[in-house]
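Using the working numbering, the first residue of the sequence shown is number 3, and each one after it goes up by one.
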Amino acid sequence: MAAFAARSRAQAAPARGALHAPRRRRGGVANLEQSTNAVSLGHAYQEVWAGVGHHPLEPTEPDFRALRQLATDEMVVVVGEIGLDFEHVGGPHNELQIERLNELFDIAINFDLPVSVHNRGASHELLQAISGHKGIRGVMHYFALDWDWAQRFLDVGFYLSFAGLVTRPSRDELREVVKRCPADRLLLETDSPYGNSQKRMNVPNRPAYLIDTAELVADLRGVSLEQLADQERTNATTLFQKMK
């Protein structure tokens, strides 16, 4: 998910404070059990909010009734990580992923929550699903596409979230997206323990390392780190409205 969050080992989420990133441990919030853990952590720690969701590659059947109940909790600020993944072999077939995503979008709309969207090889299908759900809002998690696709997701009202991938010298197209993304639609994340920055490739990622991405993004956009932090805080609390 997106910026200024202290995710738990589930997708537990956006925290109060600057330059804290959402993080996930293995699997993030992939299923009901991890969603429940995220909510528990949100109640246990002041700096942690929670997300509930069902990852597109999760092999178990989603319990939508239980997820709806969890979504009513005061600590839940986002439905996610959800989305579509058509690149990995062995996961649920594409049609089933789309069916589940539509149900999860309905949950988000019903409880006025944003979504954190995973996208691998399914951009066309995701845009179709988003366009078919009036009132859906959210962020494209770990955005890694070019400006053409960035514009399409921005045009449907979504935020773009960037992680350590943008620090890789070979990612010129992604850096161009960072430069051109509207200031009020840009978020940062770590996606830890994955998504390492270029200078920390050999260690597990962690929220504290968001600074690597933030420094580069500030430089690319020609603003100070403090200006970026202020804008990101505003963006996070605008999208994740319960954080205010």
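We put the CB at the ideal spot given by N, CA and C, even for glycine. Treat the numbers as computed from the prediction; the structure is a model and nothing was measured.
Determine the extent of the alpha helix (DSSP H) in which residue i is found, giving its start and end residues.
{"i": "residue 237", "result": "227-241"}
{"i": "residue 119", "result": "Careful: residue 119 lies outside any alpha helix (DSSP H), inside the beta strand (DSSP E) at 117-122."}
{"i": "residue 212", "result": "212-223"}
{"i": "residue 135", "result": "Residue 135 -> no alpha helix (DSSP H), and no H or E assigned at all."}
Relative to the C-alpha of residue i, which candidate in the options has its C-alpha closest?
{"i": "residue 47", "options": "77, 73 and 34", "result": "77"}
{"i": "residue 241", "options": "205, 189 and 210", "result": "189"}
{"i": "residue 109", "options": "135, 195 and 246", "result": "135"}
{"i": "residue 105", "options": "52, 51 and 63", "result": "63"}
{"i": "residue 244", "options": "209, 203 and 113", "result": "113"}
{"i": "residue 61", "options": "44, 34 and 45", "result": "34"}
{"i": "residue 69", "options": "234, 171 and 102", "result": "102"}
{"i": "residue 83", "options": "54, 111 and 74", "result": "54"}
{"i": "residue 32", "options": "74, 75, 44 and 81", "result": "81"}
{"i": "residue 223", "options": "236, 209, 177 and 238", "result": "177"}
In its own chain, which residues sit with a C-beta less than 6 Å from the C-beta of residue i, not counting the 5 before and 5 after it?
{"i": "residue 123", "result": "88 and 89"}
{"i": "residue 99", "result": "58 and 86"}
{"i": "residue 125", "result": "151"}
{"i": "residue 197", "result": "165, 166 and 207"}
{"i": "residue 148", "result": "175"}
{"i": "residue 185", "result": "233"}
Under the rule that 16 or more other beta-carbon atoms within 10 Å means buried, what is residue i, buried or exposed?
{"i": "residue 119", "result": "buried"}
{"i": "residue 92", "result": "exposed"}
{"i": "residue 26", "result": "Residue confidence is low: residue 26 scores 34 on pLDDT, short of 50, so the model does not pin down where it sits. Its coordinate-derived value is still stated next. Burial call: buried."}
{"i": "residue 41", "result": "buried"}
{"i": "residue 37", "result": "buried"}
{"i": "residue 24", "result": "A caution first: residue 24 carries a pLDDT of 36, below 50, which makes its placement in the model unreliable, though a value can still be read off. Result: buried."}
{"i": "residue 67", "result": "exposed"}
{"i": "residue 221", "result": "exposed"}
For residue i, I'd like the list of residues in its chain whose CB is within less than 7 Å of its CB, leaving aside the five on either flank, ordered along the chain.
{"i": "residue 199", "result": "166, 169, 211, 214 and 215"}
{"i": "residue 173", "result": "167"}
{"i": "residue 217", "result": "227"}
For residue i, I'd like the list of residues in its chain whose CB is within less than 8 Å of its CB, leaving aside the five on either flank, ordered along the chain.
{"i": "residue 162", "result": "141, 142, 145, 152, 155, 156, 179, 183, 187, 188 and 189"}
{"i": "residue 160", "result": "119, 132, 139, 140, 141, 142 and 187"}
{"i": "residue 71", "result": "none"}
{"i": "residue 129", "result": "154, 155 and 158"}
Scan the region 30-101 and note each continuous beta strand (DSSP E) run of 3 residues or more that stays entirely inside, going in chain order.
52-54 and 78-87
What beta strand (DSSP E) runs, 3 residues minimum, are completely inside the region 138-197?
140-142, 161-164 and 188-190
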